[in-house]
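Quick notes on the structure that follows.
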Amino acid sequence: MQNNNYLPTPTGLFFDDFIIGQKLVHGVPRTITEADATLYTALTGSRFALHCATTVANSAGFSAMPVDNFLLFHIAFGKTVNDVSLNAVANLGYAEIKFAQPCFAGDTISVSSEVIGLKENSNGKTGVVYVHSTATNQHNEIVLSFKRWVMVHKQAGVAATNINQLQSLQAEVVTAEQVIPSALNLAQWQDSFSDNQRKASDFNVGDSLFHRDGITINDSDHSLATRLYQNNARVHFDQHMMDDSKHGKRLVYGGHIISLCRALSYNGLGNAIWLSAIHGGSHCNPSFAGDTIYSQSTIKEISDVEGKDDLAIVRIEMLGIKNNNPDNMDYLYQQDGKRKKYHSDVVLDLDYSVLMRK
Amino acid sequence: MQNNNYLPTPTGLFFDDFIIGQKLVHGVPRTITEADATLYTALTGSRFALHCATTVANSAGFSAMPVDNFLLFHIAFGKTVNDVSLNAVANLGYAEIKFAQPCFAGDTISVSSEVIGLKENSNGKTGVVYVHSTATNQHNEIVLSFKRWVMVHKQAGVAATNINQLQSLQAEVVTAEQVIPSALNLAQWQDSFSDNQRKASDFNVGDSLFHRDGITINDSDHSLATRLYQNNARVHFDQHMMDDSKHGKRLVYGGHIISLCRALSYNGLGNAIWLSAIHGGSHCNPSFAGDTIYSQSTIKEISDVEGKDDLAIVRIEMLGIKNNNPDNMDYLYQQDGKRKKYHSDVVLDLDYSVLMRK
Amino acid sequence: MQNNNYLPTPTGLFFDDFIIGQKLVHGVPRTITEADATLYTALTGSRFALHCATTVANSAGFSAMPVDNFLLFHIAFGKTVNDVSLNAVANLGYAEIKFAQPCFAGDTISVSSEVIGLKENSNGKTGVVYVHSTATNQHNEIVLSFKRWVMVHKQAGVAATNINQLQSLQAEVVTAEQVIPSALNLAQWQDSFSDNQRKASDFNVGDSLFHRDGITINDSDHSLATRLYQNNARVHFDQHMMDDSKHGKRLVYGGHIISLCRALSYNGLGNAIWLSAIHGGSHCNPSFAGDTIYSQSTIKEISDVEGKDDLAIVRIEMLGIKNNNPDNMDYLYQQDGKRKKYHSDVVLDLDYSVLMRK
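Chains as they are written, first to last, in our numbering: chain P, 75 to 432; chain B, 75 to 432; chain F, 75 to 432.
The structure is reproduced here in structure tokens:
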């Protein structure tokens, strides 16, 4: 073996490899199957009715069960990792996550990204890359688009460029840009579909719900989920490497936390049947196998939907909390001078909107 | 956050919420997919041939692989948890589990329950609730019905009612009530389908089999299974809460133990191709991740099937055993005065009937 | 229970049960579903594009996504365990693994084996059994055949036979026997499908690639995989039994290691789109849950494909390595006198061929 000719293998892009306006066509298109949806249920315990039963989907105007937009997001996100974030120090945030139309089992998505912002850090070793990613289906229709920014390593020895080209990001996906599936019609919806829970008209802005149930993450759970999404970030899989990291453990993919929190939120928000947008979010602290995740939601806004009298768009702030006593929610975040600071038990703060029965 | 308006989230029913005759329509209808069946194989290792191959199912008269009735049971059971047993102290038992007709991938089941018995305990803090649950398919045909009883907490401070209204339960599902799938026809069955194992005519009442193989439960295994069934009982998922419980560990859903024992029983009972009824059962001791499960079966009864010469109904007592030497099966249960008492290694005693090749 | 009549349960065959020329028809035919393919992705993280997207498969001439031949192999292999290797001391090797034609979701495979070699060991307690196994589909067409040899226990007290009837095995599946799917046509293939990676024409014999990514095995991962394949070898599942074994731990099914290494090899060999043959392989050391697996490939041969100008057959030696520093690959194997000896971190040496884009 000593005389083998070692070839380098792909390493993903480094900060200095990115150029404003660069278009990245990500590898490996992916057909979403009925089995993806079933596995998503097994991985998260999600019970939102539109994704569980053909009869419910049909009664709501769909020809088949639509794919859960959270699942769609994870699969699309996973595609971008190999190019965008393989050398990431941290995923800093995302914004403007827009769902353009429903996906169904059998649809195939392809994902590409455009580099829309670059900012070198003053340490000269890293920089922040902003990308705008777009997932299209087999008919070349956009099904999802989103922006995210990650801190990425520079290659060793590359000179400073002091580049600082940022694009401003919207703080929210405005209601008019949240596509309501045209088929969606709740005239035949039965209260029992979602356990006779509260409807949009039962909530007021400022209402909060602690969702009671907790779910403990097992190593296989998050590994299976992250592999299902073909997200190949090494920090989720390679314990030998992570032995030497700060926490000594594999990191749980932040998207798995989002899905667990969303699944837990069924208990209280069971009528929040359709994810219409994610405005932004941050993974405030890391999660590891063994952590028990809880979730809490606060209603931030309730809006009408034009032409759909039985629906409201409800904007929700969802917090993910780990290993904490559910009765004790006062301390979750506090002001630290001018900065909002999360308690170390808070692992997620997600700002998203759903369609909810009125 | 301090000025949020905290709304209560659903907690499930307490003993004092139940009324005799009350009808509970459980949430979230569920389409059973081909992927559920595949995942069931991955979770249990089951090898009963009718559920493994289209060719075998076709040769036995079915248009497609029927769904394993154990899987069907778990999904239907899971639906009842949110209303019936979220505040359960213990699942005490079940009876009269009847399978009315085969299910196939694509069928959607909806589940409702009627309260048929209530008995307050003398401690004033708990009571036993008896329910009769019925699962129907998308054509509104009954596919499964069963009775179960659970000990449920009363709400704090509710006065004693001394209610004691019990309905008598059948000790068995009589043979005439065990629906034989009309399509089922073994004329083309090949001995190799089930590894040339013993047929009904090779067994006598009183024969016992120790099934040799053992299977160790991993945390992800039972969590994935229980989430797949959308069974949201907190004791299976929330380690943070269970840290303070008697055993300090998450409990494995008893139904997962049933499925493991049934899967292990293939080795010896490979011709027990179709679950026709569960007469009753009890989870004698809890199981936890790390336990290795073994199983043993005893033939209790062998009956003819009218009009199906190639089939017998065989009634079986299946014991589940954990972490024990398979060669040492004498001690499994013993008389304790008048009471049958199980050794602490016995985790399951299930009384069920199967259709077996003659 | 003391007066039960204990019947023996199947134990698999012992060395003295095998006869040259014996035909074993293995139990439980198996329909391969779309869900098997999805679960395979979740279990391994595999990203080879032909198996991920209908659009890619269609563009390559297939009517649907073909089943990954590694998955097909594991399912076929699993079928043989119950008869051939339940009493195995060790799986010694395999050879001549030939894929006769593509499988698709919905195909049902049945597996049988012929005993082609027997050699009693001088210790009188074990012997080596050689079998030739064949998997056929529902049309009775051969889809896969392979030879393997295992060391199997003799039954206690059986007299020595000194049998020594070996058949010579081919060192490779010659190119002419590697069936190229007739549909396969890469005229429409896009570079982005496989992340713009190197093609066959970019490689030379002797090139080596270390595939960077590592994957840590969790207990549930390998258990789920092995159950999915209905491989019932006790060493993979029964921790209670394995407590007393040399390593005190359940062994990971060697085939799972193969699949992990293959999945990892996407990073560098993403254009190796189709497994055309496995020439041979050995599991050099055992793997356990907790081990992190890495993989390294060396190009051994590059051949043209008659009538397919856009394809080459590339023969690869793939090494699986556990818990080792990827930068430190010199020591992997060395000469020990005349014998090639692997370092204890090497868990796999697989000699296989793929179709690769030119």
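Each residue gets a CB set at the ideal place from its N, CA and C atoms; glycine is no exception.
Along the length of the segment 321 to 385 of chain B, whole beta strand (DSSP E) runs at least 3 residues long occupy 346 to 356 and 366 to 378, reported in chain order. B:Gly180: not part of any alpha helix (DSSP H); DSSP gives it neither H nor E.
When only Cα atoms are considered, B:Lys415 and B:Gly354 end up about 17 Å apart.
Using a CB distance cut-off of 9 Å, B:Arg308 counts as an interface residue toward chain P. No alpha helix (DSSP H) of 4 residues or more sits fully in the segment 218 to 251 of chain F. Taking a Cβ-Cβ threshold of 8 Å, none of the residues of chain P is close to B:Arg272; the smallest such distance is about 34 Å. Under the DSSP assignment, P:Val420 falls in the beta strand (DSSP E) whose first and last residues are Val420 to Arg431. Of all residues in the segment 98 to 120 of chain B, only Val99, His100, Gly101, Val102, Pro103, Arg104, Thr105, Thr107, Glu108, Ala109, Asp110, Thr112 and Leu113 come within less than 8 Å of chain P when Cβ atoms are compared, listed by chain position. Counting only runs that start and end inside the segment 149 to 214 of chain P, there is no alpha helix (DSSP H) element of at least 4 residues. Annotated as proximal: F:Glu194 and F:Asn236, with beta-carbon spacing under 9 Å. In chain order, Val102, Pro103, Thr105 and Thr182 make up the part of chain B whose C-beta sits under 9 Å from the C-beta of P:Val130. Following the DSSP letters along the chain, one finds B:Val130 inside the alpha helix (DSSP H) bounded by residues Thr128 to Ser133. Around the C-beta of P:Arg222, 16 or more other C-beta atoms lie within 10 Å, and the residue is accordingly described as buried. Proximity of chain F to P:Thr83 at the Cβ level (cut-off 7 Å) is accounted for by Leu283, Phe284, His285, Arg286, Asn341 and Gly342, in chain order.
Looking only at B:Ile106, B:Gln264, B:Gln271 and B:Val248, the smallest Cα-Cα distance to B:Val379 is reached by B:Val248.
By alpha-carbon distance to P:Lys323, the top candidate from P:Leu283, P:His296, P:Tyr204 and P:Leu406 is P:His296. Contact residues of the segment 137 to 166 of chain F toward chain B are Asn156 (C-beta to C-beta distance below 7 Å).
Closest in alpha carbon position to B:Ile190, among B:Val130, B:Asn345, B:Lys172 and B:Phe92, is B:Phe92.
Counting only residues of its own chain and dropping the five nearest sequence neighbours on each side, B:Asp384 has a CB closer than 6 Å to the CB of Leu260 and Lys432.
Taking a beta-carbon distance threshold of 9 Å, F:Asp384 does not count as an interface residue toward chain P. Contacts with chain F at 9 Å (Cβ-Cβ) do not include B:Thr210. Across the structure, B:Glu108 and B:Ala179 are spaced so that their CA atoms are roughly 5 Å apart. Per the C-alpha coordinates, the member of B:Lys396, B:Ala250, B:His314 and B:Ala209 positioned closest to B:Arg286 is B:Lys396. The Cβ atoms of P:Ala234 and P:Ser219 lie no closer than 9 Å to each other. Between P:His100 and P:Asn143, the gap from beta carbon to beta carbon reaches 9 Å or more. Judged by DSSP secondary structure, P:Arg286 falls outside any alpha helix (DSSP H); it is assigned neither H nor E. Assigned with DSSP and collapsed to three states, B:Val102 falls in coil, not helix or strand. With 16 or more neighbouring CB atoms inside 10 Å of its own CB, P:Gln304 falls in the buried class.
F:Arg272 carries a coil assignment under DSSP once its states are collapsed to helix, strand and coil. The three-state secondary structure of P:Arg121, taken from DSSP, is coil. Among the residues facing chain P, B:Asn345 is not included, as its CB has no counterpart in that chain under 9 Å away. According to DSSP, residue pairing for F:Tyr407 in a beta bridge involves F:Tyr416. Taking each of F:Val203, F:Cys177 and F:Gly95 in turn and checking the Cα distance to F:Leu87, the smallest one comes out for F:Val203. The beta carbons of B:Ser339 and B:Ser369 sit about 6 Å from each other, so the pair counts as a contact at 8 Å. In this structure, DSSP gives P:Asn79 an extended state, which the three-state scheme calls strand. Scanning its chain for C-beta atoms nearer than 8 Å, with the 5 sequence neighbours on each side dropped, one finds around B:Asn345 the residues Ser268, Gln271, Arg272, Lys273, Ala274, Met430 and Arg431, in chain order.
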